[in-house]
Amino acid sequence: MGVATGLAWTSTGGEILYVEASLSKGRGNLTLTGQLGDVMKESAQAAVSYARAHAKKLGIEEDFYQKLDIHIHVPAGAIPKDGPSAGITMATALISALTKRAVNRDVAMTGEITLRGRVLPIGGLKDKSLAAFRAGIKTIIVPDRNQKDLEEIPKPLRRKLHWVIAKNMSEVLKTALLHPQNTAYRERRSVKKAKPRLSTPVRRRAKALRKNPRERSIPLRP
């Protein structure tokens, strides 16, 4: 089995971070890297527990945690990171890797996750939204209990972004994960080899042959 990678965006403070989750054959070890604090480590463990509890519903092998090693990584390792805001993002990246469904790169999300998959509110929604907008992201998933905080975001910015209000992980995954057909299409495009580019003299020769059919013909011997 090769390495499958899931990737999802989150926003912490005034910057956008992305979370990677990779799987490889193993015995169920969980590795967390990226200068994560205790709260983020607990969020990662909660994400794994959620995936285990809902494996059948998600279409995942129920004993995946016994066969696979899980590695969750948040790049920019030189910057310490902590807080519960990346909980649903870690769960989304992990489930993306397990189901082999790509994450929509145009979606950012923020929210704490519980073992039952409940999406809990976070703080600093305004700063997180500004960071997502600066990164070119147009759709943001926020906890339902943060809906009242949208009033703090300037109206011009609020109108330019598409907001998805989520109560649980099922609603998050509906927006964050691409349909399997779209995932397969992206994979085909990524592995498709580029056509070799001909040099200028060769292109000119090929163009001349197209214009003059006689030069294309092969003379027959008597």
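For my numbering, count along the sequence shown from 1 and bump the result up by 238. We put the beta carbon where it would ideally sit given N, CA and C, even for glycine.
Asked: Pro-318 in three-state terms, based on DSSP; Found: coil
Asked: From Val-357, His-400, Leu-332, residue whose alpha carbon lies closest to that of Glu-258; Found: Leu-332
Asked: At least 3 beta-carbon pairs within less than 8 Å: the stretch 345 to 359 vs the stretch 399 to 417; Found: yes
Asked: Pick from Ala-314, Val-341, Ile-317 that is closest to Ile-219, judged by C-alpha positions; Found: A query on residue 219 cannot be resolved here, the shown segment of the chain reaching from 239 to 460 and no further.
Asked: Inter-stretch contact (C-beta, 8 Å, three-pair minimum) for the stretch 264 to 278 and the stretch 304 to 324; Found: yes
Asked: Glu-300 - DSSP class collapsed to helix/strand/coil; Found: coil
Asked: Ile-326: first and last residue of the uninterrupted alpha helix (DSSP H) it sits in; Found: 325 to 337
Asked: Check whether Thr-377 and Val-357 have beta carbons under 8 Å apart; Found: no
Asked: Distance between beta carbons of Gly-355 and Met-278, contact taken as under 8 Å; Found: Between Gly-355 and Met-278 the Cβ distance is about 18 Å, and since that is not below 8 Å, they are no contact.
Asked: Rounded distance between the beta-carbons of Leu-261 and Leu-306, thought under 8 Å; Found: 5 Å
Asked: Cβ-based neighbour list, Arg-282, same chain, cut-off 6 Å, excluding 5 preceding and 5 following; Found: The sequence given here has Ala at residue 282, not Arg. Correct list, in chain order: Leu-270, Ile-310, Met-328.
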